[in-house]
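These protein sequences, in sequence, are chains A and B. The first sequence lines up with residues 3 to 116 when you count with the numbering used here. The second sequence lines up with residues 49 to 163 when you count with the numbering used here. Virtual Cβ for every residue (Gly too), placed ideally from N, Cα, C.
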Amino acid sequence: GNSVTQMEGPVTLSEEAFLTINCTYTATGYPSLFWYVQYPGEGLQLLLKATKADDKGSNKGFEATYRKETTSFHLEKGSVQVSDSAVYFCALSDRGAGSYQLTFGKGTKLSVIP
Amino acid sequence: DAGVIQSPRHEVTEMGQEVTLRCKPISGHDYLFWYRQTMMRGLELLIYFNNNVPIDDSGMPEDRFSAKMPNASFSTLKIQPSEPRDSAVYFCASSLAGWGQETQYFGPGTRLLVL
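And the structure:
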């Protein structure tokens, strides 16, 4: 079956620090990969996505590259801000299964301190 | 364009009462998903619909939960009778079908507290 494993949190960083949140996956087909972000008290929002190997998704200074050989989709940001404090979810959609369900990781809580 | 709309945003009820959560997906989307989020279990998929037809309800926790989608612009999730362990945030999400279009768009959630 499909699964997503992301690093355990919480992660606490100082403002302007470099961020990496690791995400690895297993999939029966050829998935699309996603990062979602959830700010306190809100729903999940799409942060970025990639649909094929070596694609790089980017948004708001965040980046992630679809690495098929290592089955990974690590999230990075060069300089975090206090406003980036949120929970980050890695997810995959296994289109080969024909269902368009998303399989989510457990989420990583990021706290950025001034 | 309006996003996914959920109502109510907050619901407080007493054990044994019926609770109905409502969702309006993004117009033109083919898929609708209901999720539950708790601290203990994280994000769980309860049920999803394709073109108003339930496809997979294996995540529905028990018979007290039911979901309907009478038309393309409206879905309900009903809990009857409600129990304190049903307290959670319930999200609705919708998406298109097709390669590269399967991004799910989430509503703001309904925060349910069962006393």
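So the candidates are the options; which of them puts its Cα closest to the Cα of residue i?
i: A/Glu10; options: A/Tyr90, A/Ser95, A/Ile115, A/Leu94; result: A/Tyr90
i: A/Thr53; options: A/Tyr102, A/Gly107, A/Lys111; result: A/Tyr102
i: A/Asn4; options: A/Thr14, A/Gly31, A/Phe20; result: A/Gly31
i: B/Tyr153; options: B/Val60, B/Asn119, B/Cys140; result: B/Cys140
i: B/Ser75; options: B/Gly51, B/Glu131, B/Val101, B/Asp134; result: B/Gly51
i: A/Thr14; options: A/Lys58, A/Leu48, A/Gln83, A/Trp37; result: A/Gln83
i: A/Lys51; options: A/Glu44, A/Ser16, A/Gly43, A/Asn61; result: A/Asn61
i: B/Leu93; options: B/Asp78, B/Leu163, B/Gly148, B/Ser142; result: B/Ser142
i: A/Phe106; options: A/Cys92, A/Gly43, A/Asp86; result: A/Cys92
i: A/Leu48; options: A/Ala55, A/Ser16, A/Thr7, A/Leu35; result: A/Leu35
i: B/Phe97; options: B/Thr86, B/Pro73, B/Leu91; result: B/Pro73
Let me see if you follow: with CB-CB separation under 9 Å, is residue i close to chain A or not?
i: B/Trp147; result: yes
i: B/Gln152; result: yes
i: B/Asp111; result: no
i: B/Val60; result: no
i: B/Pro102; result: no
i: B/Ala141; result: yes
i: B/Pro73; result: no
i: B/Gly76; result: no
i: B/Pro132; result: no
i: B/Pro156; result: yes
If you follow the beta strand (DSSP E) that residue i is in, where does it begin and where does it stop?
i: A/Tyr27; result: 25–28
i: A/Tyr90; result: 88–95
i: A/His76; result: No beta strand (DSSP E) contains A/His76, which DSSP labels as neither H nor E.
i: A/Gly109; result: Here A/Gly109 belongs to no beta strand (DSSP E), and DSSP marks it neither H nor E.
i: B/His58; result: 58–61
i: B/Pro102; result: 101–104
i: B/Ile95; result: 90–98
i: B/Lys116; result: 113–119
i: B/Phe81; result: 79–86
i: B/Ile53; result: 53–55
i: A/Val84; result: Careful: A/Val84 lies outside any beta strand (DSSP E) and carries neither H nor E.
i: B/Ile127; result: 122–127
Is there a Cβ of chain B sitting closer than 9 Å to that of residue i, yes or no?
i: A/Gly109; result: yes
i: A/Phe91; result: yes
i: A/Gln8; result: no
i: A/Lys51; result: yes
- Interface residues of the region 53–70 of chain A facing chain B [CB-CB below 7 Å]: Thr53
- Query: Should the region 103–114 of chain B be called in touch with the region 142–159 of chain B, which here means at least 3 C-beta pairs below 8 Å?
  - Reply: no
- Touch test, the region 69–83 of chain A against the region 24–39 of chain A, Cβ-Cβ under 8 Å, three pairs minimum: yes
- Could you run through the region 79–98 of chain B and flag, in chain order, every residue whose CB is less than 7 Å away from some CB of chain A? Considering only beta carbons, the part of the region 79–98 of chain B lying closer than 7 Å to chain A consists of Tyr79, Gly90, Leu91, Leu93, Tyr96, in chain order.
- Item | Positions along the region 26–49 of chain A whose CB lies within less than 9 Å of some CB in chain B | Ser34, Phe36, Tyr38, Gln40, Gly43, Glu44, Gly45, Leu46, Gln47, Leu48
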